[in-house]
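Chemist: My structure is below; once you've seen it, I'll send some questions.
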Amino acid sequence: MALTLYFAMLATSIAGVIAIVAVGTENHTLDLHIEWMMEASDSILVAIWCAFTWRSLSSGLRSVARARWYLAAVGFSFATYLAATIASMMLERISGAKFIEMAKPVFDAGYGWLAVVISDCLQPAIVEELAFRGVILGALGRFLKPAEALVISSMMFMVIHLAPMSFPHLLLVGLALGLLRIRSGSLYPGMVLHFLHNLYCVLAEVYLET
Amino acid sequence: MFCTTCGKAVSAGGGGPRIVEDAAVASTDAGVALQTQLLENQTRKAFGCLLAVAVLQFLAAGFFFLRALDTRNTAATTISVATGIIGMIFLGLAFWARRNPLPAAITGLVLLVTLYTIDAVAAPSTIYQGIIVKVIIVTVLANAVRAGVRHKRLLHETAGRAG
Chain A
1 MALTLYFAML ATSIAGVIAI VAVGTENHTL DLHIEWMMEA SDSILVAIWC AFTWRSLSSG
61 LRSVARARWY LAAVGFSFAT YLAATIASMM LERISGAKFI EMAKPVFDAG YGWLAVVISD
121 CLQPAIVEEL AFRGVILGAL GRFLKPAEAL VISSMMFMVI HLAPMSFPHL LLVGLALGLL
181 RIRSGSLYPG MVLHFLHNLY CVLAEVYLET
Chain B
211 MFCTTCGKAV SAGGGGPRIV EDAAVASTDA GVALQTQLLE NQTRKAFGCL LAVAVLQFLA
271 AGFFFLRALD TRNTAATTIS VATGIIGMIF LGLAFWARRN PLPAAITGLV LLVTLYTIDA
331 VAAPSTIYQG IIVKVIIVTV LANAVRAGVR HKRLLHETAG RAG
């Protein structure tokens, strides 16, 4: 079940890439809408899988976790953002390739901060956490040791983004998210970390690079 | 028919060994040991599979590198380096599979199917190149994962039975 969810999400990502390439590079608004359709498809896929695996998933959703795990999530988010910034600066210098902008295409298409926060921060935080730390980590944890399940689910999280330049920091973020899930017993601290990490990236893109 | 020792009824055609269904656990220790051994053997095939993928990737990397030397093409150099890195990853997975086949098989299967899918999308004309080898490798890895999961379940159930 877990691997099928991963491959279904991979198929959605690749379908989106094909659609964007087919449309061409001129119509950025259409590219953005295609991306949003991909996100909506992923959300539906994950919701369906969550319904099928509700029995094993519910413990992570019913457990609220102690306050210290939310504080840890906030602390981790600074560390993961810093690591992501350093990794991306180094890779940009080595390869010369520029990183994909998250917020700019949304603003260029005439949308505001609400659209940016929902599409770039909230949706990934909820859907990807349910998928990778909920369904996939939970399923792997039934047959593997916690450390093995953590590494494999983080690797899957890294690969599904289909952005080789971001692989180093995505793996790190995946490991931090998985560790929070295992130690806290809840999915919510990871959602907070994921949301904050993406929010810092968006804020830095808008305010630091202009 | 009746047992000559205890007098209880026995089944008429019960001469051969009892067939255990795919998902069932054998009821005797010997049966469990046999099932465990079969599943372990199937899971261990992941090592050979991952090693084969690593060797193929290294061969492809060598081929692209030689072409890059001939044509002085930087794109071909980049591809050869990327293919070499993938080969090293699979070599590492193969050595991991020697010690712990199930997680290595899962990782290898995920990476391999992802790579094949991206390859197919980026260069559709290459879909049928080596298709038989690709199908065999994916099938063996998928069977290794399936066998590994059943092996863990079997160990869990027999531990529960004993404990």
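Heads up: the sequence lines are chains A and B, in that order.
In terms of the working numbering, the first sequence is residues 1 to 210.
In terms of the working numbering, the second sequence is residues 211 to 373.
For every residue, glycine included, the Cβ atom is placed at its ideal position computed from N, Cα and C.
These numbers were taken from a predicted model, which means no experiment stands behind them.
(1) Do Phe274(B) and Ala286(B) have their C-beta atoms within less than 7 Å of each other?
(2) Does the CB of Val21(A) have a neighbour CB from chain B at under 7 Å?
(3) How would you call Ser186(A), buried or exposed, if buried means at least 16 neighbouring beta carbons within 10 angstroms?
(4) For chain B, is any of its Cβ atoms less than 7 Å away from the one on Tyr200(A)?
(5) Considering Cα atoms alone, identify which of Ala19(A), Ser56(A), Ile48(A) and Ser77(A) is closest to Leu180(A).
(6) In chain order, what residues of the same chain have a beta carbon less than 6 Å from the beta carbon of Ala221(A), not counting five sequence neighbours either side?
(7) Output yes or no for whether 7 Å exceeds the beta carbon distance between Ser154(A) and Leu140(A).
(8) Thinking C-alpha only, which one of Gly318(B), Ile342(B) and Lys362(B) is nearest Val151(A)?
(9) Which residue's Cα is closest to the Cα of Asp108(A): Met9(A), Gly190(A) and His28(A)?
(10) If you draw a straight line from the alpha carbon of Ala180(B) to that of Met90(A), how long is it in whole angstroms?
(11) CA-CA distance, Arg133(A) and Gly178(A)?
(12) Leaving out five residues before and five after Glu101(A) in sequence, what residues of the same chain have Cβ atoms less than 8 Å from its Cβ?
(13) Can you tell me whether DSSP reads Phe212(B) as helix, strand or coil?
(14) So, using beta-carbon positions, are Val46(A) and Ala163(A) closer together than 7 Å?
(15) Quick check: what's the CA-CA separation for Leu269(B) versus Gln252(B)?
(16) Below 6 Å CB to CB, which residues in the same chain sit around Ala87(A) once its five sequence neighbours on both sides are set aside?
(17) The alpha helix (DSSP H) with Gln389(B) in it runs from where to where?
(18) Quick check on Lys218(B) - is its C-beta less than 7 Å from some C-beta in chain A?
(19) Mark Arg360(B) as exposed unless 16 or more other C-beta atoms lie within 10 angstroms of its C-beta, in which case mark it buried.
(20) Please report the distance separating the alpha-carbon of Leu364(B) from that of Leu144(A).
Modeler: Looking at the coordinates:
(1) The criterion of a C-beta distance shorter than 7 Å is satisfied by Phe274(B) and Ala286(B).
(2) Closer than 7 Å to the CB of Val21(A) there is not a single CB belonging to chain B.
(3) buried
(4) no
(5) Ser77(A)
(6) Residue 221(A) lies beyond the residue range present for chain A, which begins at 1 and ends at 210; the question has no answer from this structure.
(7) no
(8) Proximity to Val151(A) across Gly318(B), Ile342(B) and Lys362(B) peaks at Gly318(B), based on C-alpha coordinates.
(9) The shortest Cα separation from Asp108(A) among Met9(A), Gly190(A) and His28(A) belongs to His28(A).
(10) Since the first residue of chain B shown is 211 and the last is 373, residue 180(B) is not available in this structure.
(11) Cα to Cα, Arg133(A) sits roughly 6 Å from Gly178(A).
(12) Glu205
(13) strand
(14) no
(15) One C-alpha to the other measures close to 27 Å.
(16) Pro168 and His169
(17) The requested residue 389(B) does not occur in the structure, where chain B is confined to residues 211 to 373.
(18) No, Lys218(B) does not count as interfacial toward chain A.
(19) Burial call: buried.
(20) Note on geometry: alpha-carbon atoms of Leu364(B) and Leu144(A) lie some 14 Å from one another.
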